[in-house]
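Its first residue numbered 28, the sequence shown is counted upward by one per residue in the working numbering. Take a look at the structure below.
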Amino acid sequence: MRKPILAANWKMHKTISEAVAFADAFLPLVAGVTNAEIVLAPPFPQLASVAAALRGSRVLLAAQNVHPEKHGAYTGEVSPTMLTDVGCRYAIVGHSERRHIFGESSAFVARKAASLLAHDLLPIVCVGETLDEREADRTFAVLEDQLNGSLVEVPDARAAEVVIAYEPVWAIGTGRTATPAIAQEAHAMIRGWLQKRFGATGDAMRIQYGGSVKPDNVAELMAQPDIDGALVGGASLEAASFAAIARYQENSK
Ligand code: PGA
28 MRKPILAANW
38 KMHKTISEAV
48 AFADAFLPLV
58 AGVTNAEIVL
68 APPFPQLASV
78 AAALRGSRVL
88 LAAQNVHPEK
98 HGAYTGEVSP
108 TMLTDVGCRY
118 AIVGHSERRH
128 IFGESSAFVA
138 RKAASLLAHD
148 LLPIVCVGET
158 LDEREADRTF
168 AVLEDQLNGS
178 LVEVPDARAA
188 EVVIAYEPVW
198 AIGTGRTATP
208 AIAQEAHAMI
218 RGWLQKRFGA
228 TGDAMRIQYG
238 GSVKPDNVAE
248 LMAQPDIDGA
258 LVGGASLEAA
268 SFAAIARYQE
278 NSK
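Structure, rendered in structure tokens:
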């Protein structure tokens, strides 16, 4: 049984006081959620304050990025040991904005994912095709390529700890959600790839959907057999909205 994982990707939003106010409003709203993992990914400067605000709750902390090295002359970068130190459990790697705006390759994403595992952090590895790629019928080829490249350094014995996020680039921040059927089709392909690569462990690995997830579409997405969670941008910035997403199971009975 795969435990659902609902993660908020705040991207470059919120000051420290806004982040703490979110946590204070959010925690009571999700206190009753015990059968799903809830994760908040604030920007780096807000991690320590959000960690303090989350202490004693079941909500977990994530970073939005990481550098693979433990320390060194990498101006502007943050290491996995720093993330553990500040209280992170997860880190997002290979988000399409990192791949497309900052030119990150799957090879670099692979180093990050492996380094996170080596430092007792859990990677959320994002993959997803652009609109051009989908329209050229290249979706599966692109996903396969990104999976091959980004997971190449994941040791078989650690694969169960890795979360995959399928985020079609055309659905991110556009209000254009993939239909549950389109999302499921891609998730099933990814599941097949994971099973081929990691054997039975592929069945235990969680695959999140991301791209315009909202309180009113999360339940039908989560009802799909291979969708195990959501990575939420815009709709995660308001406590009530992300709480409604985290509590989707109350509306799906
Ligand atoms: P969105 O972003 O929910 O605003 O579409 C999702 C993401 O980029 O993780």
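For each residue, glycine too, the CB sits at the ideal point set by N, CA and C.
Taking every protein chain shown into account, the CB of His127 has fewer than 16 other CB atoms within 10 angstroms, so this residue is exposed. Taking each of Val113, Ala198, Pro95, Gly114 in turn and checking the Cα distance to Ser106, the smallest one comes out for Pro95. Pairwise C-beta distances place the segment 129-140 out of contact with the segment 71-90, as fewer than three of them are shorter than 8 Å. With respect to Ala140, Val120 sits close: the two C-beta atoms are nearer than 7 Å. Taking 7 Å as the cut-off, the Cβ atoms of Pro195 and Gly155 count as close. A straight line joining the alpha-carbon of Ala186 with that of Gly229 spans about 8 Å. When the beta-carbon positions are compared, Gln73 and Ile43 come within less than 7 Å of each other. Annotated as proximal: Ala273 and Val57, with beta-carbon spacing under 7 Å. Within its own chain, the residues whose Cβ lies closer than 7 Å to the Cβ of Gly261, once the five positions on either side in sequence are excluded, are Gly200, listed in chain order. With a cut-off of 6 Å, the C-beta of Ile234 is classified as distant from the ligand PGA, since no heavy atom of the ligand falls inside that distance.
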